[in-house]
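Enquirer:
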Amino acid sequence: MRRTETSTLAFLDVMACGLGAVILILVVLKQQAPIEAAPQPENSISAEQMQADLDRLQGELDELQAARAASQSDLQAQTDRVAKMTAAVEATSTDLAAASAETDALDQSINAATAELASQQQAVPPDAIDTRRTTQPQYLVGMKVTGKKIIILLDRSASMTARSLLQIVQYKAGPAAARRSAEKWLNAQNAVWWLTARAPAQSRLQIASFSDTTNFHSDNWVSATDSTALAALKAKMAPLVPEGSTNLQAAVEAAMKAGADSIYIITDGLPTAAPGGQRLFGLDGCGSKLFSRKQVTGKCRVSLFQRTVATATGKPVRISIVLMPLEGDPDAAPLFSKWALSKGGVMLSAAKDWP
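Residue numbers (the working numbering): 100 to 454.
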């Protein structure tokens, strides 16, 4: 029994010693724990990395400061430019003010001159017909307006609308307004005022138009320098419409009866009609009692012209011709030229755009 107790105590001693040793170890470890370095967390930043970040931030700061300095320099340059532009605008405003004042002064001068011109125009009426030309075509040489009592005879027959027969027929079929505004007819009227503008200052004028009949457009003789009377004549003739045939003989007889010493005829060809009451069949080429022609032939027109020439033969009157262009009348130019030469005048063969 004694042996058994000794063995049990020994085991307890061993267990007690082992427990004491464990406790001692734990105490020792507990005392040494603060001395040991704490383990580094995984996301901790090293000193080298922090220095690198600091250097990077310093570089960015330097760049921002440099950009700020450049911006300040640009701003100063812009400010200087704005100042210069402001000064230029102020100078321009001053110049504009001076120019405006000068313009106002010029306007006042122009208004004064205009008022003076208007008063002068009221005191002295302007010429009714403007005949000024910058150039004088060579074919006008020799057409000199002379005489003391001048009568201008304007052919207003249907052919005075155009130079070709086809165009004449077209105008005849068209409205009166178209014939009135035909270029050839307007040129013929302008020829009237070309002649009146070149008449001697001491001469007196009358203007008549003729086709089947002859019409004088003034009751009395008009002074060549009376612009008001000439203006009235021009206005009176403006509504004329070219139509009908050409009775040249009656027109020449009327001009001589009025006492003209110089006659200017504006026409485009030989006559196509005889004075009222005179029959054509007695003339060469104009038909007979048994056969009446509906159209006047070229030979008949020559006969009518010769009868017209006979009425002026031996009369103290000077006759000149302005021959407007017309196709299909080849005898007109030589016959009119010969007649004008025999009566102390000239014949002018006008271009299509004259005068």
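Just so it is clear, CB atoms sit at the ideal spot from N, CA and C, and this is done for glycine as well.
1) In whole angstroms, what separates the C-alpha of Ala-211 from that of Ala-198?
2) Would you mind sorting Lys-66 into buried or exposed? The rule is 16 or more other CB atoms within 10 Å of its CB.
3) Checking 8 Å against the spacing of the C-beta atoms, do Ala-373 and Gln-348 come in under that value?
4) Between Leu-422, Asp-428, Asp-430 and Ser-448, which has its C-alpha nearest Leu-252's C-alpha?
5) Sort out for me which residues DSSP pairs Gln-305 with in a bridge.
6) Comparing alpha-carbon positions, which option in Ala-334, Ser-263, Thr-313 and Lys-248 lies nearest Asn-289?
7) Are there 16 or more other CB atoms within 10 angstroms of the CB of Glu-141, so buried, or fewer, so exposed?
8) With a 10 Å radius around its C-beta and 16 neighbouring C-beta atoms as the bar for buried, classify Val-69 as buried or exposed.
9) Please report the distance separating the alpha-carbon of Ile-249 from that of Leu-205.
10) Rank Thr-345, Thr-371, Val-408 and Ala-196 by C-alpha distance to the C-alpha of Val-395 and give the top, closest one.
11) By Cβ distance, which residues of its chain are closer than 7 Å to Val-445, with the 5 residues on each side in sequence left out?
12) Based on the DSSP output, what are the partners of Val-64 in its beta bridges?
13) Can you check whether the CB of Val-416 is closer than 8 Å to the CB of Ala-359?
14) For the putative contact between Ala-296 and Ala-353, defined by C-beta atoms under 8 Å, what is the C-beta separation to the nearest angstrom?
15) Following the continuous beta strand (DSSP E) through Leu-422, name the residue where it begins and the one where it ends.
16) Look at the Cβ atom of Gly-273, then the Cβ atom of Ser-310, and state whether they are nearer than 8 Å.
17) So what does DSSP say about Leu-94, is it helix, strand or coil?
18) Taking buried to mean at least 16 other C-beta atoms within 10 Å of its own C-beta, is Pro-433 buried or exposed?
19) Are Leu-294 and Gly-427 closer than 8 Å when you measure CB to CB?
20) Drop a sphere of 10 angstroms on the beta-carbon of Thr-191, count the other beta-carbons inside from all chains shown, and report buried for 16 or more, exposed for fewer.
21) Pull up the distance between the alpha-carbon of Arg-155 and that of Asp-161, whole angstroms please.
22) Mapping the DSSP letters down to three states, classify Ser-256 as helix, strand or coil.
23) Ignore the nearest five residues each way along the sequence and tell me which others in Leu-123's own chain have a CB closer than 8 Å to its CB.
24) Let me make sure I understand the geometry here. Which of Asp-112, Ser-402, Thr-345 and Ala-200 has the alpha-carbon closest to that of Met-259?
25) What is the rounded straight-line gap between the Cα of Gln-266 and the Cα of Ile-362?
26) Buried or exposed for Cys-116, going by 16 or more other Cβ atoms inside 10 Å?
27) Ends of the beta strand (DSSP E) at Met-446?
28) Here's the rule: buried if 16 or more other CB atoms are within 10 angstroms of the residue's CB, otherwise exposed. What is Ala-450?
29) In angstroms with no decimal places, state the Cα-to-Cα distance between Gln-150 and Gln-164.
30) What first and last residue would you give for the alpha helix (DSSP H) that runs through Thr-410?
Expert: Once the coordinates are examined:
1) Position 112 of the sequence shown, counted from the start, is the residue given in the question as residue 211. Position 99 of the sequence shown, counted from the start, is the residue given in the question as residue 198. If I take the Cα positions, the gap works out to 20 Å.
2) The structure shown does not extend to residue 66, since the chain spans only 100 to 454, so no value can be given for it.
3) Stepping through the sequence shown from its first residue, residue 373 is reached at position 274. Stepping through the sequence shown from its first residue, residue 348 is reached at position 249. For Ala-373 and Gln-348, yes; Cβs fall inside 8 Å.
4) Stepping through the sequence shown from its first residue, residue 252 is reached at position 153. Measuring from the Cα of Leu-252, the nearest candidate turns out to be Leu-422.
5) Start at 1 with the first residue of the sequence shown, and residue 305 comes out as number 206. Note: Gln-305 sits in a beta bridge opposite Ile-250.
6) On the sequence shown, residue 289 is found 190 positions in, with the first residue counted as 1. Comparing Cα positions, the closest option is Ala-334.
7) As a first step, residue 141 must be located in the sequence shown, where it is residue number 42. Unreliable placement is indicated for Glu-141, whose pLDDT of 49 sits below 50; no coordinate value is reported for it.
8) This structure gives no information on residue 69, because the portion of the chain shown stretches from 100 to 454.
9) In the sequence shown, residue 249 corresponds to position 150, counting from 1. In the sequence shown, residue 205 corresponds to position 106, counting from 1. In a straight line, the C-alpha of Ile-249 is about 49 Å away from that of Leu-205.
10) Walking along the sequence shown from the start, residue 395 turns up at place 296. Nearest of Thr-345, Thr-371, Val-408 and Ala-196 to Val-395, Cα basis: Thr-371.
11) As a working note, residue 445 is residue 346 in the sequence shown. Gly-241, Met-242, Ser-419 and Ala-439, listed in sequence order.
12) Nothing in the structure corresponds to residue 64, since the chain is present only between 100 and 454.
13) Here residue 359 refers to the residue found at position 260 when the sequence shown is read from its first residue. Here residue 416 refers to the residue found at position 317 when the sequence shown is read from its first residue. Yes. Within cutoff.
14) On the sequence shown, residue 296 is found 197 positions in, with the first residue counted as 1. On the sequence shown, residue 353 is found 254 positions in, with the first residue counted as 1. With 8 Å as the limit, Ala-296 and Ala-353 do not qualify as a contact, their Cβ atoms being about 24 Å apart.
15) Position 323 of the sequence shown, counted from the start, is the residue given in the question as residue 422. Counting along the chain, the beta strand (DSSP E) containing Leu-422 begins and ends at 417–422.
16) Counted from its first residue, the sequence shown places residue 273 at position 174. Counted from its first residue, the sequence shown places residue 310 at position 211. Against a cut-off of 8 Å, the Cβ pair of Ser-310 and Gly-273 comes out as no contact.
17) No answer is possible for residue 94: it lies beyond the span of the chain, which begins at 100 and ends at 454.
18) Within the sequence shown, numbered from 1, the residue matching residue 433 stands at position 334. Under this definition Pro-433 is an exposed residue.
19) Mapped onto the sequence shown, residue 294 falls at position 195. Mapped onto the sequence shown, residue 427 falls at position 328. For Leu-294 and Gly-427, no; Cβs fall outside 8 Å.
20) In the sequence shown, residue 191 corresponds to position 92, counting from 1. Exposed, by the Cβ-count rule.
21) The sequence position of residue 155 within the sequence shown is 56, counting from 1. The sequence position of residue 161 within the sequence shown is 62, counting from 1. If you take the alpha carbons of Arg-155 and Asp-161, they lie about 10 Å apart.
22) Position 157 of the sequence shown holds residue 256. Reduced to three states, the DSSP call for Ser-256 is coil.
23) To locate residue 123, count along the sequence shown from 1; it is residue 24. Closer than 8 Å at Cβ, skipping near neighbours: no residue.
24) Start at 1 with the first residue of the sequence shown, and residue 259 comes out as number 160. With distances taken between Cα atoms, Met-259 lies closest to Thr-345.
25) Walking along the sequence shown from the start, residue 266 turns up at place 167. Walking along the sequence shown from the start, residue 362 turns up at place 263. Their Cα atoms are separated by approximately 30 Å.
26) Translated into positions along the sequence shown, residue 116 becomes position 17. Burial call: exposed.
27) Walking along the sequence shown from the start, residue 446 turns up at place 347. Start and end: 446–448.
28) Position 351 of the sequence shown holds residue 450. The residue is exposed, with fewer than 16 neighbouring Cβ atoms inside 10 Å.
29) Position 51 of the sequence shown, counted from the start, is the residue given in the question as residue 150. Position 65 of the sequence shown, counted from the start, is the residue given in the question as residue 164. The straight-line gap from Cα to Cα measures roughly 21 Å.
30) Stepping through the sequence shown from its first residue, residue 410 is reached at position 311. From DSSP, the alpha helix (DSSP H) with Thr-410 extends over 397–411.
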